[in-house]
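Sequence order for the protein chains is A and B.
Add 8 to the 1-based position in the first sequence for our numbering, that's all there is to it.
Add 8 to the 1-based position in the second sequence for our numbering, that's all there is to it.
Number of protein chains: 2
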Amino acid sequence: MTRKTGDEARACIVDAALTEFAAFGVAGARIDRIAAASGASKERLYAYFGSKELLFHEVMRTASQNITSAVHLEGADLLGYVGRLVDYFDEHPEWVRMSTWNRLEAADEELPVEDVRFELNDSRLDAIVEAQKSGHVDARWQPGDLLMILMSIALASAAASPATMFVANARDPLTPDDRRLRRREAALEATRRLITPGLSTS
Amino acid sequence: MTRKTGDEARACIVDAALTEFAAFGVAGARIDRIAAASGASKERLYAYFGSKELLFHEVMRTASQNITSAVHLEGADLLGYVGRLVDYFDEHPEWVRMSTWNRLEAADEELPVEDVRFELNDSRLDAIVEAQKSGHVDARWQPGDLLMILMSIALASAAASPATMFVANARDPLTPDDRRLRRREAALEATRRLITPGLSTS
Numbered sequence: 009m010t011r012k013t014g015d016e017a018r019a020c021i022v023d024a025a026l027t028e029f030a031a032f033g034v035a036g037a038r039i040d041r042i043a044a045a046s047g048a049s050k051e052r053l054y055a056y057f058g059s060k061e062l063l064f065h066e067v068m069r070t071a072s073q074n075i076t077s078a079v080h081l082e083g084a085d086l087l088g089y090v091g092r093l094v095d096y097f098d099e100h101p102e103w104v105r106m107s108t109w110n111r112l113e114a115a116d117e118e119l120p121v122e123d124v125r126f127e128l129n130d131s132r133l134d135a136i137v138e139a140q141k142s143g144h145v146d147a148r149w150q151p152g153d154l155l156m157i158l159m160s161i162a163l164a165s166a167a168a169s170p171a172t173m174f175v176a177n178a179r180d181p182l183t184p185d186d187r188r189l190r191r192r193e194a195a196l197e198a199t200r201r202l203i204t205p206g207l208s209t210s
Numbered sequence: 009m010t011r012k013t014g015d016e017a018r019a020c021i022v023d024a025a026l027t028e029f030a031a032f033g034v035a036g037a038r039i040d041r042i043a044a045a046s047g048a049s050k051e052r053l054y055a056y057f058g059s060k061e062l063l064f065h066e067v068m069r070t071a072s073q074n075i076t077s078a079v080h081l082e083g084a085d086l087l088g089y090v091g092r093l094v095d096y097f098d099e100h101p102e103w104v105r106m107s108t109w110n111r112l113e114a115a116d117e118e119l120p121v122e123d124v125r126f127e128l129n130d131s132r133l134d135a136i137v138e139a140q141k142s143g144h145v146d147a148r149w150q151p152g153d154l155l156m157i158l159m160s161i162a163l164a165s166a167a168a169s170p171a172t173m174f175v176a177n178a179r180d181p182l183t184p185d186d187r188r189l190r191r192r193e194a195a196l197e198a199t200r201r202l203i204t205p206g207l208s209t210s
């Protein structure tokens, strides 16, 4: 067995921490479980990251970078972007859970100004503004409103309440795999109806 | 000062517990804070409710009944329903927070079969099916898919990520009050585009 380099050890800790934070949030997460799962000592972990809260910020930063590099927003192609987000949320429930914990736990906390999540959302908003200027997306929407609605549509299945999901599944004749495909297509159809210029109903 | 009846004391505890669970979730909630805030002793609280988890179920039941009686779904009027949900989520951030904690904390837990949330979602789904049959809502959608998308649109502002909300607000010229009205109207316009028969883009 070869010894891990410092970078490898840090990456292992961040990985284990993501699993722990996704399961329990920051308040419920336990440093000793993260240490055990990553094969590092608690002392090493504190030496690298300082505190549970700072480790959490590092995990959020890494996870935000992962989603940014996995899910590209190409020019004005908001439709393709929503489809890729649906897939990402589907394949990475731990990301959805971790962001959701963060929304609850950090409600009154200010985000670090250099946070990668600002860049991510800024680039999404820029894309909407550009797509509206170029006529690919209905200019009727205030860009921020459309961003929030599209993000919520991309999350509709992944963030549905347990009772809504249970009732919807109970009456659904399809297999889970086919359901997932149909729900993905529903998110795309919803997106098309919102962004297509000229469909406005009022 | 008159002594509270048993029912009044229970109602005070449930009220204080809602505030506590909305702030900290079940794992983070503290029975002694709930007791202090409601003016009951911890012993009384355990005698009434048995455990923190059972108290939480009682709070969820009460909160679900509150939303059901405050936000009516009248026949096929899904548009009005979404508008009333937007208002309710706006005025009751504690309900949004508590449901969100519950989604995270009870991910693997089965809901009690008689849970009021099943009835609530069953009635929403029935309304969609009926509205599709009567031609008021586009029959193209699988009813459960449309339910999940409409619920997510109603929650788009209340459940936006802090970074998305920050970036959207930073570029928004309107005052918070005017923003809220415009976002409400955006949710309604999005709903109209989804439910209006014949707008399908594919």
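Where a beta carbon is used, it is the ideal one built from N, C-alpha and C, also for glycine.
Please confirm whether residue i and residue j have their CB atoms less than 9 Å apart.
{"i": "Ala37 (chain B)", "j": "Met156 (chain A)", "result": "no"}
{"i": "Asn110 (chain B)", "j": "Pro170 (chain A)", "result": "yes"}
{"i": "Met212 (chain B)", "j": "Leu53 (chain B)", "result": "Shown here, chain B extends from 9 to 210; a query on residue 212 (chain B) therefore has no answer."}
{"i": "Met68 (chain B)", "j": "Thr172 (chain A)", "result": "no"}
{"i": "Val104 (chain A)", "j": "Arg192 (chain A)", "result": "no"}
{"i": "Ala24 (chain B)", "j": "Ile42 (chain B)", "result": "yes"}
{"i": "Gly47 (chain B)", "j": "Asp180 (chain A)", "result": "no"}
{"i": "Gly33 (chain A)", "j": "Leu112 (chain B)", "result": "yes"}
{"i": "Thr204 (chain A)", "j": "Glu127 (chain A)", "result": "no"}
{"i": "Thr182 (chain A)", "j": "Arg132 (chain A)", "result": "One detail in the question is off: residue 182 (chain A) reads as Leu in this sequence, not Thr. Against a cut-off of 9 Å, the Cβ pair of Arg132 (chain A) and Leu182 (chain A) comes out as no contact."}
{"i": "Val175 (chain A)", "j": "Asn177 (chain B)", "result": "no"}
{"i": "Leu154 (chain A)", "j": "Ala194 (chain B)", "result": "yes"}
{"i": "Thr108 (chain A)", "j": "Thr108 (chain B)", "result": "yes"}
{"i": "Asp98 (chain A)", "j": "Arg188 (chain A)", "result": "yes"}
Look up residue i in the DSSP assignment and say whether it is helix, strand or coil.
{"i": "Leu53 (chain A)", "result": "helix"}
{"i": "Lys12 (chain A)", "result": "coil"}
{"i": "Trp149 (chain B)", "result": "coil"}
{"i": "Thr27 (chain B)", "result": "helix"}
{"i": "Ser59 (chain A)", "result": "coil"}
{"i": "Gly88 (chain B)", "result": "helix"}
{"i": "Ala176 (chain B)", "result": "helix"}
{"i": "Asp123 (chain A)", "result": "coil"}
{"i": "His65 (chain A)", "result": "helix"}
{"i": "Val79 (chain A)", "result": "coil"}
{"i": "Ser107 (chain B)", "result": "helix"}
{"i": "Thr70 (chain B)", "result": "helix"}
{"i": "Ala19 (chain A)", "result": "helix"}
{"i": "Ala167 (chain A)", "result": "coil"}
{"i": "Pro184 (chain B)", "result": "helix"}
{"i": "Gly36 (chain A)", "result": "helix"}
{"i": "Gln207 (chain A)", "result": "The sequence given here has Leu at residue 207 (chain A), not Gln. Reduced to three states, the DSSP call for Leu207 (chain A) is coil."}
Note down the Cα distance separating residue i from residue j, rounded to an integer number of angstroms.
{"i": "Asp40 (chain A)", "j": "Ala19 (chain A)", "result": "17 Å"}
{"i": "Glu197 (chain B)", "j": "Ala71 (chain B)", "result": "28 Å"}
{"i": "Val124 (chain B)", "j": "Ala162 (chain A)", "result": "27 Å"}
{"i": "Asp15 (chain B)", "j": "Tyr56 (chain B)", "result": "10 Å"}
{"i": "Asp134 (chain A)", "j": "Gln140 (chain A)", "result": "10 Å"}
{"i": "Leu202 (chain B)", "j": "Ile21 (chain A)", "result": "44 Å"}
{"i": "Phe64 (chain B)", "j": "Glu102 (chain B)", "result": "14 Å"}
{"i": "Gln35 (chain A)", "j": "Leu207 (chain B)", "result": "For the sequence presented, residue 35 (chain A) should be read as Ala rather than Gln. One C-alpha to the other measures close to 46 Å."}
{"i": "Ser49 (chain A)", "j": "Glu28 (chain A)", "result": "16 Å"}
{"i": "Arg200 (chain A)", "j": "Glu138 (chain B)", "result": "25 Å"}
{"i": "Ala78 (chain B)", "j": "Ala114 (chain A)", "result": "29 Å"}
{"i": "Glu51 (chain B)", "j": "Glu61 (chain A)", "result": "35 Å"}
{"i": "Gln150 (chain B)", "j": "Ala164 (chain B)", "result": "21 Å"}
{"i": "Ala17 (chain B)", "j": "Ala44 (chain B)", "result": "12 Å"}
{"i": "Ala84 (chain A)", "j": "Glu66 (chain B)", "result": "48 Å"}
{"i": "His100 (chain B)", "j": "Arg190 (chain B)", "result": "19 Å"}
{"i": "Tyr96 (chain B)", "j": "Ile136 (chain A)", "result": "29 Å"}
Going along chain B, which residues have a C-beta under 8 Å from residue i?
{"i": "Asp180 (chain A)", "result": "Gln150, Gly152"}
{"i": "Arg188 (chain A)", "result": "Per Cβ cutoff of 8 Å: no residues; Arg188 (chain A) is ~11 Å from chain B at best."}
{"i": "Phe29 (chain A)", "result": "Result: empty, since nearest Cβ-Cβ is about 11 Å, beyond 8 Å."}
{"i": "Phe126 (chain A)", "result": "Ala171, Phe174, Val175"}
{"i": "Asp130 (chain A)", "result": "Val175"}
So which residues of chain A does residue i contact, with C-beta pairs closer than 8 Å?
{"i": "Trp109 (chain B)", "result": "Leu112"}
{"i": "Leu133 (chain B)", "result": "Val175, Ala176, Arg179"}
Using a C-beta to C-beta distance shorter than 9 Å, which residues of chain B count as neighbours of residue i?
{"i": "Leu155 (chain A)", "result": "Ala168, Thr172, Val175, Ala176"}
{"i": "Asn74 (chain A)", "result": "Result: empty, since nearest Cβ-Cβ is about 15 Å, beyond 9 Å."}
{"i": "Ala35 (chain A)", "result": "Phe32, Gly33, Ala35, Gly36"}
Return no unless some Cβ of chain D is closer than 9 Å to the Cβ of residue i.
{"i": "Gly58 (chain B)", "result": "Absent from the structure is chain D; the protein chains it does hold are A and B."}
Could you list which residues in chain B have their beta carbon closer than 7 Å to that of residue i, in chain order?
{"i": "Asp98 (chain A)", "result": "Within chain B, no residue comes near Asp98 (chain A); the closest Cβ sits about 13 Å away, beyond 7 Å."}
{"i": "Leu207 (chain A)", "result": "Arg201, Leu207"}
{"i": "Arg191 (chain A)", "result": "Asp153"}
Chain A partners of residue i, CB-CB under 7 Å?
{"i": "Arg105 (chain B)", "result": "Leu112"}
Just to make sure I have the definition right: I need the residues of chain A whose C-beta is within less than 9 Å of the C-beta of residue i. Which are they?
{"i": "Ile161 (chain B)", "result": "Ile157, Ser160, Ile161, Ala164, Ala198"}
{"i": "Ala194 (chain B)", "result": "Trp149, Gln150, Asp153, Leu154, Met156, Ile157"}
{"i": "Asp123 (chain B)", "result": "Ala171"}
Determine, using beta-carbon pairs with one atom in the segment 143-156 of chain A and one in the segment 76-95 of chain B, whether at least three such pairs fall under 8 Å. no
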